[in-house]
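Visitor:
Protein chains in written order, with this note's numbering: chain C, 1 to 169; chain X, 170 to 576.
See below:
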């Protein structure tokens, strides 16, 4: 074999090496897509959880806010009032965000841009929709979060938030 | 090796590459990807919220200190059970829309939550691995049999929701679903729950019974989405009841939180019709099916099928499907001339084939689909039986509560 010839062994190893690299790249790409999707859902769940916590455990700012002076929305009746909501604040939401087809005012005061829909419904002792807005049609892949809290009008309310995972990574 | 210096030993390289491939497979395989635990977190939050809310409402205290009658009613009324079915779907838009229409349905006053992800069955991916049921609406080729077996090995239920007239017998059909296609026949017979359980086998009977029980227990949600103004009504939204596979449906208008008006004679005029309220039975002339109005909301109504009614169908094409092991007790639904429409198989795990009739799916068939999905999902429909809670209000003392929720 002359020096300039490529040996069959070299050719074989090169082919095996390239095949391996190709396989690994394909696997990594496949893995990355699935991992990114699931990570975005995880992040959306996390953000919705934080928003729901703020809604039911934080009184907002200022504490006794109204539609004219609100800086941050929180529905809790006061400090240390977790799961204890102020019914007046719930009703203020309709004034802050009068449109049922747009949640932008609510999302602005909550500091979250992933919310596509929010519903607050009195579920005990009677059923009554207290607030609802839907910016976008709720679709497959949207994440939902439901929380329950006592309202100071002696009722129990359900807060349901839908979020749309956005590509962040 | 008697080669030149610097040359690779091919045998050693092949061994090294094989070892590398195997290790990469082990590390990159999706079954090792940890699935999300948000459903557990949400379940825990539901119960924490429940206890907090009940504590504030003084209902929990009054229950502990003597008023034994109130709490169970409140718990049921809250619809707080986090029943959650996670569905992976390799399916068309029509099937997706159908499954979406099942959202908000209830059983025992508890909402059946459905988590949904779209997938392919090219690999055992994250979507499938984290689901309770895999739904496919086309019969896969034999090349997918290993993936499907892996799905079943992981205790994930499998539903083939497909029109059997398009089936070509293959190993997936016979080995996984335990059925084979014999012939396409034409008939227009009613479909009902199979009444001939020829051989009593506890497991089979249990499977059959669970689907049967779910069917007659589910409150199907019918959304009302168009505005229709009626005098003296508050909600004024209109929806459709499509109980029978006819070309028409019956319109209803949600009047207020207690009343609904149904256009029984389908003349588009709701005036003169009596108001129907929760608990009323709705009878449609000419059809032996009755449904009960179970619940009314601003956005729609919930209906439940009364027991011992036939499920009607105007199917024009049925397919004669054979049960390969001859066990007819696996046939849950069939037409009156004996053509199966829903066949289960528990050889590997929970598997079912349900006939897809390829046109507007009526409400009764939606409930069949949901009943089957609940059966296939198996464990996740179970609710936690014991949950504890410490109530600490920074006051005089703290209370420790433990609640047992019956299944």
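C-beta atoms are modelled at their ideal positions from N, C-alpha and C, and glycine is treated no differently.
Small disclaimer: the values here were computed from a predicted structure and weren't measured.
Is residue 147 of chain C buried or exposed, if buried means 16 or more other CB atoms sit within 10 Å of its CB?
Guide: buried
Visitor: Under the three-state reduction of DSSP, which class applies to residue 519 of chain X: helix, strand or coil?
Guide: coil
Visitor: Is the Cβ of residue 51 of chain C closer than 8 Å to any Cβ of chain X?
Guide: In terms of beta-carbon proximity, residue 51 of chain C stays away from the interface with chain X, with every pair separated by 8 Å or more.
Visitor: Please confirm whether residue 246 of chain X has its beta-carbon closer than 8 Å to some beta-carbon of chain C.
Guide: Model confidence at residue 246 of chain X stands at a pLDDT of 49, short of 50, so the residue's coordinates are unreliable and nothing is read from them.
Visitor: Using the Cα positions of residue 311 of chain X and residue 158 of chain C, report the straight-line distance between them to the nearest angstrom.
Guide: 48 Å
Visitor: Can you tell me whether DSSP reads residue 216 of chain X as helix, strand or coil?
Guide: helix
Visitor: By a C-beta neighbour count over all protein chains shown, 10 Å radius and 16 as the cutoff for buried, is residue 194 of chain X buried or exposed?
Guide: The residue in question, residue 194 of chain X, is exposed, as its Cβ has fewer than 16 Cβ neighbours within 10 Å.
Visitor: Is there at least one Cβ from chain X nearer than 8 Å to residue 147 of chain C's Cβ?
Guide: yes
Visitor: Assign residue 128 of chain C to one of two classes, buried (16 or more other C-beta atoms within 10 Å of its C-beta) or exposed (fewer than that).
Guide: exposed
Visitor: Under a CB-based cut-off of 8 Å, is residue 440 of chain X close to chain D?
Guide: Looking at the structure shown, chain D is missing, and the protein chains on hand are C and X.
Visitor: Can you confirm whether residue 182 of chain X, when its beta carbon is compared against all beta carbons of chain C, has any partner nearer than 8 Å?
Guide: yes
Visitor: I believe residue 13 of chain C touches residue 179 of chain X by the beta-carbon criterion, under 8 Å. Please report the beta-carbon distance rounded to the nearest angstrom.
Guide: 6 Å
Visitor: Residue 256 of chain X and residue 284 of chain X - do their beta-carbons sit closer together than 8 Å?
Guide: A contact, by the Cβ cut-off of 8 Å.
Visitor: Please list the residues of the stretch 56-78 of chain C that have a C-beta atom closer than 8 Å to any C-beta atom in chain X, keeping them in chain order.
Guide: Of all residues in the stretch 56-78 of chain C, those with a C-beta nearer than 8 Å to a C-beta of chain X are 56, reading in chain order.
Visitor: How would you list, in chain order, the residues of chain X whose beta-carbon sits under 8 Å from the beta-carbon of residue 97 of chain C?
Guide: Those do not exist, as residue 97 of chain C stays about 18 Å from chain X at its closest Cβ, beyond 8 Å.
Visitor: Would you give the residue range spanned by the alpha helix (DSSP H) that residue 17 of chain C belongs to?
Guide: Element bounds for residue 17 of chain C: 8-57.
Visitor: Do residue 471 of chain X and residue 275 of chain X have their C-beta atoms closer together than 8 Å?
Guide: yes
Visitor: Against chain C, with Cβ distances strictly below 8 Å, would residue 548 of chain X count as a contact?
Guide: Bear in mind that the predicted position of residue 548 of chain X carries a pLDDT of just 49, short of 50, making it unreliable; the figure below should be weighed with that in mind. Not one chain C Cβ lies under 8 Å of residue 548 of chain X.
Visitor: Mind reading off the beta-carbon distance from residue 164 of chain X to residue 350 of chain X? Whole number of angstroms is fine, and I expect it under 8 Å.
Guide: What is shown of chain X runs 170 to 576, which leaves residue 164 of chain X out entirely.
Visitor: Counting contacts by CB-CB distance shorter than 8 Å, is residue 156 of chain C in contact with chain X?
Guide: yes
Visitor: Spatial neighbours of residue 420 of chain X within its chain, please: C-beta separation below 7 Å, excluding the five flanking residues on both sides.
Guide: 407, 409, 432
Visitor: Per DSSP, residue 409 of chain X forms a beta bridge with which residues?
Guide: X:420
Visitor: Output the distance between the C-alpha atoms of residue 145 of chain C and residue 57 of chain C, rounded to the nearest integer angstrom.
Guide: 15 Å
Visitor: Whose Cβ in chain C lies nearer than 7 Å to the Cβ of residue 207 of chain X?
Guide: 45
Visitor: So is residue 327 of chain X buried or exposed if we call it buried at 16+ other beta carbons inside 10 Å?
Guide: buried
Visitor: Per the DSSP calculation, residue 160 of chain C is bridged to which residue(s)?
Guide: C:119, C:146
Visitor: Between which two residues does the beta strand (DSSP E) harbouring residue 471 of chain X extend?
Guide: 469-474
Visitor: Relative to the alpha-carbon of residue 377 of chain X, which residue among X:515, X:229, X:222, X:227 has its alpha-carbon at the smallest distance?
Guide: The option with the nearest alpha carbon to residue 377 of chain X is X:515.
Visitor: Rounded to the nearest angstrom, what separates residue 150 of chain C and residue 260 of chain X at their Cα positions?
Guide: 41 Å
Visitor: Can you give me the Cβ contacts of residue 78 of chain C inside the same chain, cut-off strictly under 6 Å, excluding the 5 residues immediately before and after it?
Guide: 59
Visitor: Would you tell me roughly how many angstroms separate the C-alpha atoms of residue 108 of chain C and residue 452 of chain X, rounded to the nearest one?
Guide: Going by the C-alpha atoms only, they are around 49 Å apart.
Visitor: On the DSSP letters alone, give me the boundaries of the alpha helix (DSSP H) that residue 298 of chain X sits inside.
Guide: DSSP places residue 298 of chain X in the uninterrupted alpha helix (DSSP H) bounded by 295-298.
Visitor: With DSSP run on the structure shown, which of helix, strand or coil describes residue 291 of chain X?
Guide: Annotated three-state conformation of residue 291 of chain X is coil, per DSSP.
Visitor: Can you give the Cα-Cα distance for residue 156 of chain C and residue 61 of chain C, rounded to whole angstroms?
Guide: 23 Å
Visitor: Please look up how many angstroms separate the CB atoms of residue 488 of chain X and residue 353 of chain X, rounded, as I've assumed it's under 8 Å.
Guide: Yes, residue 488 of chain X and residue 353 of chain X are in contact; Cβ-Cβ is about 5 Å, under 8 Å.
Visitor: Quick one: does residue 105 of chain C have its CB under 8 Å from some CB of chain X?
Guide: No, because no Cβ of chain X sits closer than 8 Å to the Cβ of residue 105 of chain C.
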